[in-house]
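Colleague: Mind looking over this structure? Questions follow.
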Amino acid sequence: MLRCLRLSVLLCLAWLTGCATTEADWTAGWTPEKLYAEARDEMDNKAYEKAIKLYEKLEGRAAGTQLAQQAQLEKAYAYFKNGEPVLAVSTLDRFIKVNPVSPAMDYALYLKGIVNFNDDLGLLSFVAKQDLAERDQKAAKESFEAFRELVTRFPESRYSEDARLRMRFTVNTLAQSEVKVARYYLKRGAHVAAINRAQAVLQDYQDVPA
677 MLRCLRLSVL LCLAWLTGCA TTEADWTAGW TPEKLYAEAR DEMDNKAYEK
727 AIKLYEKLEG RAAGTQLAQQ AQLEKAYAYF KNGEPVLAVS TLDRFIKVNP
777 VSPAMDYALY LKGIVNFNDD LGLLSFVAKQ DLAERDQKAA KESFEAFREL
827 VTRFPESRYS EDARLRMRFT VNTLAQSEVK VARYYLKRGA HVAAINRAQA
877 VLQDYQDVPA
């Protein structure tokens with residue numbers, strides 16, 4: 677009886693292992709190019725979770741190639757479109773760290789700025805979308821820093837003009853937020869604190885491109 681039970685357990689484990697293996701290897705025969713094409717199709721269909729899984733497989737299968745770098749960037753964008761900005765930023769941070777001389781570095785910095793800016797509506801539509809002063813200030817500052825690095829390192833990049841526009845908008849609205857805080861301090865008689873907030877704005881954003 678005990679022997680039969682053990683045999684049943686072993687058969688069950690073997691079956692489960694076979695199922696797991698089959699599920700894990702469903703793209704085993706695909707070339708990196710086919711993986712990429714399928715991931716792009718899923719993106720076009722707005723099936724972002726499926727696309728992310730395919731990009732992850734592609735990263736491993738084409739490790740060390742330009743296609744793997746492209747997969748990592750597009751995976752970050754898929755996370756962004758899927759409403760997962762934290763995962764998008766962490767993916768971009770890893771890309772920036774691991775690929776410091778990538779020819780796509782300007783795009784990586786731009787996308788990081790966009791994710792934190794929380795906007796994908798195009799060049800100027802963000803002005804009417806929301807008041808950045810009402811948003812998370814930490815994300816706004818991280819967005820500004822990503823754009824600043826982009827325009828500093830890659831002033832001729834195709835993304836730099838839009839980054840400059842967003843930097844100006846961001847710094848203006850961050851400054852508005854700081855002014856509100858400074859006024860709050862003034863009303864309470866905390867003049868030193870108010871002055872410090874004003875000086876911080878001038879120091880942090882003095883090199884914003886005109």
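Residue numbers (this note's numbering): 677 to 886.
For every residue, glycine included, the Cβ atom is placed at its ideal position computed from N, Cα and C.
These figures come from a predicted structure and were not determined experimentally.
Run the CB neighbour count on residue 782, radius 10 Å, all protein chains shown included, and call it buried at 16 or more, exposed below.
Modeller: Per the 10 Å Cβ criterion, buried.
Colleague: With distances taken between CB atoms, is the gap from residue 822 to residue 792 smaller than 9 Å?
Modeller: It is a contact, given that the beta carbons lie within the stated cut-off.
Colleague: Between 857, 872 and 780, which has its C-alpha nearest residue 830's C-alpha?
Modeller: For the residues 857, 872 and 780, the minimum Cα distance to residue 830 belongs to 780.
Colleague: Applying the 10 Å Cβ sphere with the 16-neighbour rule, what's the burial state of residue 766?
Modeller: Residue 766 comes out exposed.
Colleague: Report the three-state DSSP secondary structure of residue 786 (helix, strand or coil).
Modeller: The answer is helix: DSSP assigns residue 786 an H, G or I state.
Colleague: Using only alpha-carbon positions, find the residue among 741, 832, 843 and 784 that is nearest to residue 764.
Modeller: The shortest C-alpha separation from residue 764 is found at 784.
Colleague: Does residue 731 come out as helix, strand or coil in the three-state DSSP assignment?
Modeller: In this structure, residue 731 counts as helix in the three-state DSSP scheme.
Colleague: With residue 833 as the anchor, note down where its alpha helix (DSSP H) starts and where it stops.
Modeller: Premise fails: residue 833 is in no alpha helix (DSSP H) and is neither H nor E.
Colleague: Take residue 713 as the anchor and find which of 731, 722 and 818 has the nearest alpha-carbon.
Modeller: The shortest C-alpha separation from residue 713 is found at 731.
Colleague: By the three-class DSSP mapping on this structure, what secondary structure does residue 760 have?
Modeller: Reduced to three states, the DSSP call for residue 760 is coil.
Colleague: Comparing C-alpha positions only, which one of 778, 715, 707 and 738 sits nearest to residue 729?
Modeller: The shortest Cα separation from residue 729 among 778, 715, 707 and 738 belongs to 715.
Colleague: Which residue's Cα is closest to the Cα of residue 706: 851, 736 and 746?
Modeller: The shortest Cα separation from residue 706 among 851, 736 and 746 belongs to 736.
Colleague: Report yes if the CB atom of residue 850 is closer than 9 Å to the CB atom of residue 820, and no otherwise.
Modeller: Their beta carbons are under 9 Å apart, which means residue 850 touches residue 820 by this criterion.
Colleague: What's the gap between the Cα of residue 755 and the Cα of residue 871?
Modeller: Their Cα atoms are separated by approximately 40 Å.
Colleague: Could you check the C-alpha separation between residue 747 and residue 734 for me, to the nearest Å?
Modeller: Each residue's alpha carbon lies about 7 Å from the other.
Colleague: Should residue 676 go down as buried or exposed, given a rule of 16 or more other Cβ atoms within 10 Å for buried?
Modeller: Lying before the first or after the last residue shown, residue 676 is absent from the chain, which here runs from 677 to 886.
Colleague: Have a look at 768, 859, 817 and 786 and flag the residue whose alpha-carbon is nearest the alpha-carbon of residue 826.
Modeller: When each option's Cα is compared against that of residue 826, the closest is 786.
Colleague: According to the neighbour-count rule (16 or more other Cβ atoms, all chains shown, within 10 Å of its Cβ), is residue 744 buried or exposed?
Modeller: So residue 744 counts as buried.
Colleague: State yes or no: is the C-beta of residue 727 within less than 9 Å of the C-beta of residue 750?
Modeller: A contact, by the Cβ cut-off of 9 Å.
Colleague: Hey, residue 839 and residue 789 are a contact pair by Cβ (cut 8 Å); roughly how many whole angstroms apart?
Modeller: Contact holds; Cβ gap of about 6 Å.
Colleague: Give the straight-line distance between the Cα atoms of residue 841 and residue 817, rounded to the nearest whole angstrom.
Modeller: Using only the alpha carbons, I get a separation of about 15 Å.
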